[in-house]
DNA sequence: TTGAAAGCGCTACCAT
DNA sequence: ATGGTAGCGCTTTCAA
């Protein structure tokens, strides 16, 4: 069987208390015995049980990451940033895809509690505030990503999506577009809401007309469908999509209809995921610092865990506009 | 504080042994006490500590998933399949991106052992055989994905990549291509090796000439670079890339050089990740059942865990050719 | 059908 | 500087 502290205590002739001390660098230990113990550990190939350690009151060094779908380029990149940050500091991350389904989220939350995660990062948009507060009351550290809850003292790292929406609008406006369609995610999602408000804000006071898709959605298919409806209904010269997947859908809808991008119609995406780079024409998009978003969120969380307090800071990262091939001035009409 | 079995034992007037039994549905318990206990559990909001349970000899219900990079469309989709399979059966998955770096892999393997994962799926191509055998000797269940180790009794689920390579070659050959370039991943990776052999095999006995990229690589950049070199050196009419990312790079290299796909050059990818669908022209590619690959691997692993034996089965999934827009007959030369 | 008690492997407090 | 020991919360014989 695997060696335990007892084995190494026996082998060294010291007590398990001493072994534990050298293991954790706590208390005072003479150089001599420390050496002895370290040797025995080496010899016996001893490895500390994180489980026992956790049960005895230490951390599990594992954090749970709730996100809508790991198989979504945006969240895959976020997750990578999160994982790297965690790895640097000896933590691991448990990925939980909720598919925007409340019951999956609840179920995951439950397991994460059972498994005594040291902390949680919540990157799904809709966890009820009470749930979060209950969790925090139980001592679970929580950090929100791309979301904040007004008045609740929960640390969060976000991108300034209001600004991001503005950037998109300003770009289109400055190209001369005056009839712009918006393909949105559900506005109940905080980030989508902010993007929308930012966009609106930038158009305010101009003579531009904004048309918002009646329905909302997430993936490529949805983008294509919503763009189709929009195009059938309004004479827009530009379409803004609240994420790159929707924008890719828009591009596909255009192709199907023989609409040239950007000559006939300009398209702007949001996120700057891998998709926006490889599509043709390459998408003009508002870049979120996605990887960094994941990193910072997890660092904030680990800081809280290690200082034994609930993170309360709010970090805001800046978006930036990336102009590629999908935008141009509107076509000249007779 | 959180309630423990002691609390609910006290509240019910039974022993903790009894509580444990109703919790686990073991032993015989009268309906009456079971009800009482269940009630108390409800009232006190009791939740079993997975940590304590694991220490006392049960499973952790957590598995580790070693892969090169979660932020890679292929592995993100695999991970999703894995996560879904795990979720269905009450397991969680710890994502470990190794970046093909041996020391990261070793480091992760160590942590996973400390944390007493119930099992591991190894989807990185290069873990030394001895390491795997050591792990298995320690009682860690392991399943390999897209890889197998001849002679070692390790369960695995793979795609028939030899067949996949053939499919790609046959398609190109049947279109009439006779000078074909191959942009490969390092052949030390089992799947790449199989693809290559399959491709070769299909070309054997025909008058086709194959040119293999001297260097190998992984991402889009590499694909573009290797395609550039290939195109400069050989007069090929088709390029096959061992994964879709490489193929996307090939497409970019073509665009830069004004080479039309598929009119001037046909391009075939491998994997059928999201990338191959959204690129222009849409990529003809060999589809791996990616999501299914993740699912099956994890199910195989969980079966082993629950039957308390190291999985030994070898499952093979079938690839299939998906013809899209990037392939056509070779151009007619004078 | 139920319970007492001995662990699981480690931490931390209190003595020495 | 070192050790004894009481937990941490649960599982699992073995008795009753």
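Protein chains in written order, with the working numbering: chain A, 1 to 334; chain B, 335 to 668.
Positions of the beta carbon are idealized from the N, C-alpha and C atoms, including for glycine.
Being a predicted model, the structure only gives us computed values, none of them experimental.
Same chain, Cβ closer than 6 Å to residue i, five either side skipped, listed in chain order
i, result
"residue 334/A", "No answer about residue 334/A holds up, because its pLDDT of 41 lies below 50 and its placement is not dependable."
"residue 167/A", "286 and 321"
"residue 375/B", "342"
"residue 438/B", "432"
"residue 60/A", "54, 116 and 118"
"residue 605/B", "408, 577, 578 and 622"
"residue 84/A", "none"
"residue 100/A", "68"
"residue 478/B", "456, 488 and 490"
"residue 203/A", "169 and 210"
Residue i, DSSP secondary structure in three states
i, result
"residue 449/B", "coil"
"residue 185/A", "coil"
"residue 105/A", "helix"
"residue 408/B", "helix"
"residue 298/A", "helix"
"residue 649/B", "strand"
"residue 656/B", "strand"
"residue 210/A", "strand"
"residue 334/A", "Reliability fails at residue 334/A, whose pLDDT of 41 lies under 50, so the model's placement of it is uncertain and no value is given."
"residue 4/A", "coil"
"residue 616/B", "coil"
"residue 203/A", "helix"
"residue 662/B", "coil"
Contacts of residue i in chain A (Cβ-Cβ under 7 Å)
i, result
"residue 577/B", "Here the premise fails: no neighbours, minimum Cβ distance about 14 Å."
"residue 417/B", "70, 95 and 97"
Proximal chain A residues relative to residue i, where beta-carbon distance stays under 9 Å
i, result
"residue 426/B", "64, 94, 95, 96, 108, 111, 112 and 115"
Cβ shell of residue i (< 8 Å), same chain only, five flanking positions each side left out
i, result
"residue 340/B", "350"
"residue 384/B", "394 and 395"
"residue 616/B", "610, 658, 659 and 660"
"residue 637/B", "645"
"residue 651/B", "491, 492, 493, 494, 622, 623, 626, 627 and 630"
"residue 367/B", "346, 348, 352 and 356"
"residue 338/B", "380 and 383"
"residue 420/B", "397, 426, 427, 632 and 636"
"residue 43/A", "11"
Per-residue contacts from residue i into chain A (C-beta, under 8 Å)
i, result
"residue 381/B", "110, 113 and 114"
"residue 472/B", "2"
Own chain partners of residue i with C-beta closer than 7 Å, once the 5 adjacent residues on each side are dropped
i, result
"residue 184/A", "192, 196, 212, 213, 216 and 242"
"residue 279/A", "248 and 251"
"residue 641/B", "none"
"residue 228/A", "253"
"residue 528/B", "495, 496 and 499"
Closer than 8 Å at the beta carbon, the chain B residues around residue i
i, result
"residue 69/A", "414"
"residue 77/A", "405"
"residue 54/A", "385"
"residue 21/A", "None at all; the shortest Cβ gap to chain B is about 19 Å."
Neighbouring residues, chain B, relative to residue i (Cβ below 7 Å)
i, result
"residue 143/A", "Neighbours of residue 143/A on chain B: none; closest Cβ ~18 Å, over 7 Å."
"residue 16/A", "What residue 16/A touches in chain B: nothing, since even the nearest Cβ is about 16 Å away."
"residue 275/A", "612"
"residue 248/A", "612"
Residue i: contacting residues in chain B (beta-carbon distance under 9 Å)
i, result
"residue 279/A", "612, 613 and 614"
I'd like to know if the segment 101–112 of chain A and the segment 463–474 of chain B are in contact, where contact means that at least 3 CB-CB pairs between them fall below 8 Å. Not touching, per the Cβ criterion.
Runs of alpha helix (DSSP H) wholly within the segment 238–276 of chain A (minimum 4 residues, chain order): Taken in chain order, the complete alpha helix (DSSP H) segments of 4 or more residues contained in the segment 238–276 of chain A are 244–257.
Length-filtered (3 minimum) beta strand (DSSP E) runs lying within the segment 120–198 of chain A: Counting only runs of 3 or more, we get 141–145, 155–159 and 179–183.
How about the segment 88–98 of chain A and the segment 148–160 of chain A: do they share at least three Cβ pairs that are nearer than 8 Å? At 8 Å Cβ cutoff, the stretches do not touch.
Is it the case that the segment 176–188 of chain A contacts the segment 231–243 of chain A, given that we only count it when at least three CB pairs across the two stretches are under 8 Å? With the rule of 3 Cβ pairs closer than 8 Å, the segment 231–243 of chain A counts as touching the segment 176–188 of chain A.
Determine, using beta-carbon pairs with one atom in the segment 589–596 of chain B and one in the segment 283–299 of chain A, whether at least three such pairs fall under 8 Å. With the cut-off at 8 Å, the segment 589–596 of chain B and the segment 283–299 of chain A do not touch.
Within the segment 15–98 of chain A, note down every full beta strand (DSSP E) run reaching 3 residues or more, in order along the chain. Segments of the beta strand (DSSP E) lying fully in the segment 15–98 of chain A: 62–67 and 92–97.
Using 8 Å as the threshold, is the segment 68–75 of chain A in touch with the segment 413–424 of chain B, meaning 3 or more CB pairs across them? Judged by Cβ distances under 8 Å, the segment 68–75 of chain A makes contact with the segment 413–424 of chain B, as three or more pairs qualify.
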